[in-house]
Amino acid sequence: MTEGGGESTAGMRKIFSRMRGFFCADPEKAAGSYWGLSARDERIQDQAHWCGVMRWPRERWMEYGDFYVDYALGLLERFSGRTYADSLGRMRALEWGCGGGANVRCLCRAFARVYGLDISADTLDACARQMKNCGLSNFTPVIIPVEDPLAVLRSVPPASVDFILSIAVFQHFPSKAYAQRVLHAFKALLKEDGRALIQVRYFDGSEKYRQKDGDYAKNVITMTSFTFQEFSMHLRQAGLKLLHSEKDIEREGLCHEYYFVGQGA
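Quick note: the sequence shown, position 136, residue 136 per this note's numbering, numbers continuous.
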């Protein structure tokens with residue numbers, strides 16, 4: 001408690017005012033309210049992979065980005081060819097849900113321009129600080145309202161992105177329907193020969209990983225999951241073509257599945 005009951009009470013009122021969003025009927029508003037608290041909640045900073053916070057000492061934060069971007073670059077070379085991979089330095093990438101920037105750092109070293117998209121302005125600021133600390137100047141932050149994924153097209157031209165990465169993001173989406181809308185945004189952003197790597201939580205039949213319908217703050221880590229059949233259907237409906245899928249590349253038990261996709265017919 002701080003001295004001065006008036007100041008303490010006023011502060012609590014502000015916190016409770018924001019927290020009301022967690023319990024509203026609209027799960028997208030609940031998600032926006034939750035991630036909007038990142039500046040003042042270390043636990044949310046940890047979930048958003050802020051460098052230096054809780055699980056993310058700088059060395060581990062850097063190793064995390066190295067692991068996933070190396071995996072992505074390997075898939076790009078495997079499916080698009082060595083000549084394509086050697087041309088990344090002239091291409092544009094976007095990370096959907098960039099968080100604190102662990103992956104963005106590595107993307108910036110491989111691509112000419114990298115967009116980092118998030119729904120939290122404070123998290124984007126944290127990401128931008130790290131890119132500056134790393135001496136990287138080819139990063140462009142992009143913020144969108146949680147309820148309108150296609151708002152990205154106001155900041156990033158359609159059909160202008162060569163590669164989209166999204167790691168540890170789809171599991172936090174408020175619903176499968178929301179994930180479908182994000183995939184439509186991917187379709188709109190990607191060039192004709194563009195590629196995307198998407199990590200999702202796959203449903204293993206357990207209560208822990210079943211789809212959640214409410215209480216976003218409680219269920220944020222395991223909110224949304226997909227069977228292979230479900231996510232493949234969502235990709236087709238968005239006009240994206242599955243090129244490769246793989247489970248649990250880090251270790252078993254996390255229920256992570258990776259979908260490497262391109263533009264569909």
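Don't be surprised by glycine CBs; every beta carbon is placed ideally from N, CA and C.
Look up residue i in the DSSP assignment and say whether it is helix, strand or coil.
i, result
"Glu28", "helix"
"Ser245", "strand"
"Arg92", "strand"
"His49", "coil"
"Glu250", "coil"
"Glu230", "helix"
"Val261", "strand"
"Thr224", "coil"
"Leu75", "helix"
"Phe67", "helix"
"Pro141", "strand"
"Val104", "helix"
"Arg113", "strand"
"Gln130", "helix"
"Arg240", "Note on identity: in this sequence residue 240 is Leu, with Arg being the wrong assignment. Leu240 falls in the strand class under three-state DSSP."
"Asp148", "coil"
"Asp118", "strand"
"Cys255", "coil"
"Leu136", "coil"
Shortest alpha-carbon distance to residue i belongs to which of the options?
i, options, result
"Ser120", "Ser160, Pro145, Arg129, Val152", "Pro145"
"Cys127", "Gly100, Tyr71, Tyr202", "Gly100"
"Tyr209", "Val182, Leu183, Ser232, His172", "His172"
"Lys29", "Asp148, Ser137, Arg113, Asp70", "Asp148"
"Phe186", "Val261, Phe139, Phe226", "Val261"
"Gln237", "Gly264, Asp248, Arg251, Glu250", "Gly264"
"Leu150", "Ile164, Val182, Asp125", "Val182"
"Trp96", "Lys212, Arg60, Phe170, Glu246", "Phe170"
"Val152", "Leu190, Gly81, Asp248", "Leu190"
"Ile143", "Leu243, Asn103, Ser155", "Ser155"
"Glu250", "Tyr258, Asp86, Asp193", "Tyr258"
"Met233", "Lys247, Gly214, Lys176", "Lys176"
"Trp61", "Asp41, Gly81, Pro158, Val104", "Val104"
"Leu75", "Gly253, Arg109, His244", "His244"
"Gly135", "Ser166, Gln45, Asp125, Arg109", "Arg109"
"His256", "Ala102, Phe228, Asp193", "Phe228"
"Arg43", "Val220, Glu252, Cys98", "Val220"
"Leu88", "Cys98, Gly194, Gln211, Asp213", "Gly194"
"Thr140", "Cys98, Ala168, Thr83", "Cys98"
"Gln45", "Ala159, Phe79, Asp122", "Asp122"
"Asp70", "Trp56, Ala85, Ala159, Leu235", "Ala85"
"Phe231", "Tyr216, Ala217, Leu254, Tyr202", "Tyr202"
"Gln130", "Glu192, Gln180, Thr222, Pro57", "Pro57"
"Gly214", "His184, Pro174, Glu192", "Pro174"
"Glu192", "Pro158, Asp41, Asp26, Leu235", "Pro158"
Buried or exposed: residue i, going by 16 or more other Cβ atoms within 10 Å of its Cβ?
i, result
"Thr224", "buried"
"Met54", "exposed"
"Ile198", "buried"
"Met12", "Residue placement at Met12 cannot be trusted, given a pLDDT of 36 that sits under 50; the coordinates are not used to answer."
"Asn133", "exposed"
"Ser137", "exposed"
"Lys247", "exposed"
"Asp118", "buried"
"Gly52", "exposed"
"Ser166", "buried"
"Ser206", "exposed"
Since I believe residue j is in contact with residue i (beta carbons under 8 Å), could you give me their beta-carbon distance rounded to a whole number of angstroms?
i, j, result
"Ala93", "Asp162", "6 Å"
"Ala31", "Ser38", "With 8 Å as the limit, Ala31 and Ser38 do not qualify as a contact, their Cβ atoms being about 12 Å apart."
"Ala196", "Ile164", "4 Å"
"Val114", "Leu107", "5 Å"
"Gly65", "Ala102", "4 Å"
"Tyr34", "Ala217", "5 Å"
Distance cutoff 8 Å, beta carbons only. Does residue i sit that close to anything in chain B?
i, result
"Trp61", "Among the chains in the structure shown there is no chain B, since it carries only a single protein chain."
- Curious, which full-length beta strand (DSSP E) runs of at least 3 residues does the segment 158–221 contain? 161–166, 190–201
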